[in-house]
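Colleague: Numbering (mature numbering (1 follows the signal peptide of the UniProt record, and there is no 0)), first residue to last: -20 to -1, 1 to 344.
Take a look at this one; I'll ask things after.
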């Protein structure tokens, strides 16, 4: 709750600064989508070379740094970051502030639960999120009930996503297989290069998924995708004291997904909170740093490694941050909690992207 209030209390600083300073840019020729062949076939962008080489020994970590009041710390240098792999300091090989467009999947619960009430809510909220994106950003839309379905592949054209949401119709099934949908989306994102994220609009409820919550957690250990969870049902369940065990379990699951991947879980009670919430998500993504390191040969054991990112000064001690009243403030670091280490025999590997979603080769 403290993190949520902190982020929302200062979201105008984060979100509005992002919108003022990061202006829409012309899309390079190689990133532009091919013209639509017809009104019903927009021709979404694809990876032009479906088989490409990646360095499997490198680990990328996306990091957002704020103070305890939620103010973003910009202007940090490579030397301000200390990455610990199972407690062992790592050399940061590559460091860069975020300049790439946002690449995000809107994963939307769209079922007949509660006579489609939450589906309608998700559609309204998803449409609202689109207003926060820039023309250069990539977005895909995936809905789920019993199964997940890619409604719109990655596109710069936000109006396509808006139109798809408007024409979804009444949902067919009342069951919600959240865990299966999340794993399926993560599997598809394996074929997308660069920084990527998921905006999960869901109640947190799960009906008959083949996957368990533990299996989702294990899958999250393998991904560098950041997950932002926005709970659809906080207001409704709080009317009854918030004591529903199934809802509390779902809420805890959403919070865990976000924390494990270095994202945020937010549970709004009022519609009026949404503009600030979505500004905070976009501001989060536009103010990250990307760090890259290569684990030592001894660390390439194929096991799960815990990561910790520390912010330090030139003397190697914790960086001191003060507010406008010269009062020292605690630093908050948002980053994924760990990764699956490569094995010693791994150096490069070929990866075959899933059919959808995809994105042009060479984009970041």
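Think of the CB as a built atom: it goes at the ideal place given N, C-alpha and C, for glycine as much as any other residue.
Because the structure is a prediction, the values reported are computed rather than measured.
(1) Could you compute how far the alpha carbon of residue 292 sits from the alpha carbon of residue 299?
(2) Short of 7 Å in beta carbon distance, which residues of its chain neighbour residue 302, apart from the five on each side in sequence? Order them along the chain.
(3) Consult DSSP for residue 168 and reduce its assignment to one of helix, strand or coil.
(4) Is the stretch 86 to 102 touching the stretch 282 to 290 in the sense that three or more CB pairs, one from each, lie closer than 8 Å?
(5) In this structure, how does DSSP classify residue 124 when only helix, strand and coil are distinguished?
(6) Once you ignore the five residues that flank residue 5 on each side, which residues in its own chain have a CB closer than 6 Å to its CB?
(7) Taking residue 118 as the reference, give the member of 130, 136, 76 with the closest Cα.
(8) List the residues that DSSP assigns as beta-bridge partners of residue 188.
(9) For residue 66 and residue 283, I'd like the C-alpha separation in whole angstroms.
(10) Which residue's Cα is closest to the Cα of residue 78: 268, 274, 251?
(11) So, for residue 264: in the same chain, excluding its five sequence neighbours on each side, which residues have a beta-carbon less than 6 Å away from its beta-carbon?
(12) Check the C-beta distance from residue 316 over to residue 240 and give it rounded, since I have them as a contact under 8 Å.
(13) Report the rounded CA-to-CA distance for residue 224 versus residue 217, giving the unit in angstroms.
(14) Provide the residue span of the beta strand (DSSP E) that contains residue 77, from first to last.
(15) Tell me whether the stretch 170 to 190 and the stretch 202 to 213 touch, counting them as touching only if at least three CB pairs, one residue from each stretch, are closer than 8 Å.
(16) Using beta-carbon positions only, say whether residue 286 and residue 38 come within less than 9 Å of one another.
(17) Which of the three DSSP states, helix, strand or coil, is assigned to residue 177?
(18) Would you call the CB atoms of residue 179 and residue 233 closer than 9 Å?
(19) Please report the Cβ distance between residue 160 and residue 191, rounded to the nearest whole angstrom; I am assuming they are in contact, meaning their Cβ atoms lie under 8 Å.
(20) Beta strand (DSSP E) containing residue 44: first to last residue?
(21) If you measure between the beta carbons of residue 145 and residue 113, is that distance less than 9 Å?
(22) According to DSSP, residue 288 sits in a beta bridge with which residue or residues?
(23) Hey, would you say residue 84 sits closer than 9 Å to residue 176, going by beta carbons?
Modeller: Put simply:
(1) 4 Å
(2) 308, 309
(3) helix
(4) no
(5) strand
(6) Reliability fails at residue 5, whose pLDDT of 31 lies under 50, so the model's placement of it is uncertain and no value is given.
(7) 136
(8) DSSP, once it has assigned bridges, lists no residue as partnering residue 188.
(9) 11 Å
(10) 268
(11) 44
(12) 7 Å
(13) 7 Å
(14) 72 to 77
(15) yes
(16) no
(17) strand
(18) no
(19) 5 Å
(20) 39 to 47
(21) no
(22) 64
(23) yes
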